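Residue numbers (my numbering): 891 to 1025.
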């Protein structure tokens, strides 16, 4: 025997398999997916409102995201949107805001000017316009 070999290397290695059973690739993937599904279900059910906020706030955010274009709303829909936005501000920031849905002024044209020499081509002005005007 070579004296450079370690005696521990010559001992029979212990199996790392659970209960001395062989585990194939398919069985391993099946077990791993089941464990991941159970873990994620437990996390979502346990964290529910803590991560997502109150159910009322979530419902208001959902309605806000899928609202119709303001130009196409009836007066009743406008009033509902104003009430929803006021309530959402109360839930998010804890402040009471006052909004209205006044009609546009007749024969008034609004414009927007910006310095093209400062443009870097990132379309940030377009994104800001879309966000501000709810387009």
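Ideal Cβ placement from N, Cα and C applies to all residues, glycine included.
Note that the coordinates shown come from a computational prediction; the quantities given were computed from them, not determined experimentally.
Residue burial classification, residue i (beta-carbon count within 10 angstroms, cutoff 16)
{"i": "residue 919", "result": "exposed"}
{"i": "residue 923", "result": "exposed"}
{"i": "residue 950", "result": "buried"}
{"i": "residue 921", "result": "exposed"}
Range of the contiguous alpha helix (DSSP H) that encloses residue i
{"i": "residue 948", "result": "945 to 955"}
{"i": "residue 974", "result": "965 to 983"}
{"i": "residue 1023", "result": "1014 to 1023"}
Proximity to residue i [Cα-Cα], best of the options
{"i": "residue 978", "options": "1008, 1006, 945, 1001", "result": "945"}
{"i": "residue 993", "options": "1007, 1017, 975, 964", "result": "964"}
{"i": "residue 971", "options": "983, 984, 980, 953", "result": "953"}
{"i": "residue 1023", "options": "1006, 996, 1007, 1001", "result": "1001"}
{"i": "residue 1004", "options": "985, 989, 991, 1018", "result": "1018"}
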